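Taking it in order: structure first as structure tokens, then the write-up.
Residue numbers (the working numbering), protein chains in the order written: chain W, 1 to 449; chain R, 450 to 716.
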């Protein structure tokens, strides 16, 4: 009798286990296989349908929204925007109207379609925007958003930038888009060099400072709340270059201690808690580090030669690139954040080297270099292997590169159009865009947000 | 139950036993005390000298103790040709001739089955007209015990697709992940001698959590070259965290099998 009970217990146990088997099979549904190719990846083809106005007042903003989204996607460099001239006649304004086949068939051949509608009722604009994967038979919504806000051009632009960033983030596998970022720069169009700011695409150019003197080298703080720059501020009848600080939140310059001598080219530490700059308080320009409010200055270089243009590595947080002529001519050097371990970055040629700028992932350094036989051109170097690539050539003087937070774009100043203006390009040198045209514009810096 | 009653005769025998017992006990006690003394004497050299002190022992790292260098035994004590200045080559004694045939080494390892091409995007099979709306014509049931056991929804690829349910629904996510990893596969970190290989292939397996972080990155199929495998692992780690999993994906994670590079042509 005992034996029968034991056996029945075993049988029940086995039955239970066998019931678990399908559960474990079902859980292995959550997998996929992928591969990295030896060549280039295909860029997805994305179409942006005309966003439909649901009522008359929304007509202008619909056109604006569609145009800004298309421009942002055209710029981003990770996808191919299908030309609107290929789009089918009937364009959807809501998911129920989407016909996959009309967007996957030639000549459109797209992988993704963005579409939606705008309505303006009273003092509010409401935008419904979707991104669909039209190659998937079970029609997948990749992005579905509703934006509500004031019915102004500026607000509609903002929403369009946000939607484009959403698309870019989904299609790049999580990397951020730059559609909502800004570029700070120096413009002399008012007569004196002041700090200006504009959207990443050149829209909304507006002045930040009006110090009526000379303001140079603006640098965004990592949280985009402040801009540090070099200013020639008079005090007690003495005019000397000093580090000045502009607060974006309050809209005015805030105080920063004055130091003896020439103080210029500020750079932020990656966490925004410290500021590194070049100061000649000991006699020759050396690299100093202070807290972000200017207190506790500490000297980092001790070479009795000129050291300037520091740039902190945003990834390793430990190394600072700077320019120094301790070897006789201006060259690039690397050192630890505490000033130790100074190492020269060997270049295969002589010449003047200026403006190092780290890429957001900390593995590449962009700089401007005038080789003895040539002109100032922008180069990118991998400090680990000392390999360099030239990304501008035979197109005027190209200086002061600054990386975009997506690690794919660079903003710089160039004289290729005849006057000194701000340009952007992809980090391989392709797709140059001119952003400014009025007056002289230089020294751009790309914000991280 | 019998009771023991002591008789006079037993008394006498009992006494004898008692005497023996007591004397032996005493002898034992004496022997113990003597042995205690003897032990104590033996330990005195390490103790502090006073009776009953515990000896303190502290660990001394071996690097603090000067130890003699281990001697490498040399074959011949008289002349060691490897120690001479001229460093003559050691002449190997000729191998004895035997008529034994050498054991055959395996010539070629069994070739791996060709990896099928990963089709993450295309699924041109039209849904049958009477299909229940849902994913790919199958009724949209929650994953779990409700699914039929061992059905094609198991770890078996459905109809040529390189993945289970996830690949059907989120082809765009997989394509984006591929684009993310592509620039992070650093061929320069691979040994120069195999860098341009068209035949090496490794597979890295890992899991992407809901928030995009990766777990359990490991080489599930090695290429045979350590630097090739490591380049694959570094590519995945450099691309992490991935984008968060789509919000309507129920499971807490998704397992990924990644080929570096994609389908090596089978020989």
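Beta carbons are placed, not taken as given, at the ideal position from N, Cα and C, and that holds for glycine. This structure is a prediction, so every number in the text was calculated from the model and none was measured.
Going by beta carbons, residue 102 of chain W and residue 84 of chain W fall outside the 8 Å limit.
The three-state secondary structure of residue 116 of chain W, taken from DSSP, is strand.
Following the DSSP letters along the chain, one finds residue 409 of chain W inside the beta strand (DSSP E) bounded by residues 409-414.
Nearest CB-CB separation between residue 648 of chain R and chain W: not below the 8 Å threshold.
In the three-state scheme derived from DSSP, where H, G and I count as helix and E and B as strand, residue 469 of chain R is classed as helix.
Taking a beta-carbon distance threshold of 8 Å, residue 707 of chain R counts as an interface residue toward chain W. Look at residue 711 of chain R: its C-beta is under 8 Å from a C-beta on chain W. For residue 157 of chain W, the enclosing alpha helix (DSSP H) starts and ends at 153-171. For residue 74 of chain W, there is no enclosing beta strand (DSSP E); the residue is found in the alpha helix (DSSP H) stretching over 59-76. Note that the segment 467-474 of chain R does not touch the segment 230-250 of chain W; fewer than 3 beta-carbon pairs, one per stretch, sit closer than 8 Å. In the DSSP assignment, residue 368 of chain W falls within the unbroken beta strand (DSSP E) covering 365-370. Taking 8 Å as the cut-off, the beta carbon of residue 391 of chain W is found closer than this to the beta carbon of residue 428 of chain W. In the three-state reduction of the DSSP assignment, residue 681 of chain R falls in the helix class. Taking 8 Å as the CB threshold, residue 37 of chain W lines the interface with chain R.
Unbroken beta strand (DSSP E) stretches of 3 residues or longer found wholly inside the segment 368-445 of chain W: 376-382, 387-390, 398-403, 409-414, 421-426, given in chain order. One Cα belongs to residue 668 of chain R, the other to residue 175 of chain W, and the distance between them is close to 25 Å. Note that the C-beta distance between residue 300 of chain W and residue 339 of chain W is below 8 Å. Contact with chain W is found for residue 626 of chain R, since one of that chain's Cβ atoms lies less than 8 Å from the residue's Cβ.
For residue 624 of chain R, no beta strand (DSSP E) run applies; the uninterrupted alpha helix (DSSP H) run containing it begins and ends at 620-630, by DSSP.
Residue 487 of chain R sits in a helix when the DSSP states are folded into three classes. Excluding five sequence positions before and after residue 447 of chain W, the CB atoms of its chain that fall closer than 6 Å to its own CB belong to 181, 182, 220, 224, given in chain order.
Taking a cut-off of 8 Å on C-beta distances, the segment 187-200 of chain W touches the segment 424-439 of chain W, as three or more cross pairs fall below it. Residue 205 of chain W is classed as buried because its beta carbon has at least 16 other beta carbons within 10 Å across all chains shown. Nearest neighbour of residue 402 of chain W by Cα position, chosen from W/418, W/135, W/380, W/298, turns out to be W/380. Classified as buried, residue 53 of chain W has 16 or more neighbouring CB atoms from the shown chains inside 10 Å of its CB.
In the DSSP secondary-structure assignment, residue 141 of chain W is bridged to W/132. Here residue 163 of chain W is not near residue 82 of chain W, since their CB atoms are 8 Å or more apart. Per the C-alpha coordinates, the member of W/289, W/258, W/278, W/310 positioned closest to residue 239 of chain W is W/258. In terms of Cβ geometry, residue 676 of chain R and residue 638 of chain R form a close pair [threshold 8 Å].
Per DSSP, the unbroken alpha helix (DSSP H) holding residue 102 of chain W starts and ends at 100-104. With contacts defined by Cβ atoms closer than 8 Å, residue 130 of chain W and residue 116 of chain W form a contacting pair.
For residue 87 of chain W, no beta strand (DSSP E) run applies, since DSSP gives it neither H nor E. Here the alpha carbons of residue 342 of chain W and residue 298 of chain W stand approximately 17 Å from one another. Around residue 626 of chain R, the same chain offers 691 as residues with beta carbons nearer than 7 Å, after the five sequence neighbours per side are excluded. For residue 145 of chain W, the closest Cβ of chain R is not nearer than 8 Å.
Residue 322 of chain W and residue 635 of chain R have their C-alpha atoms roughly 27 Å apart.
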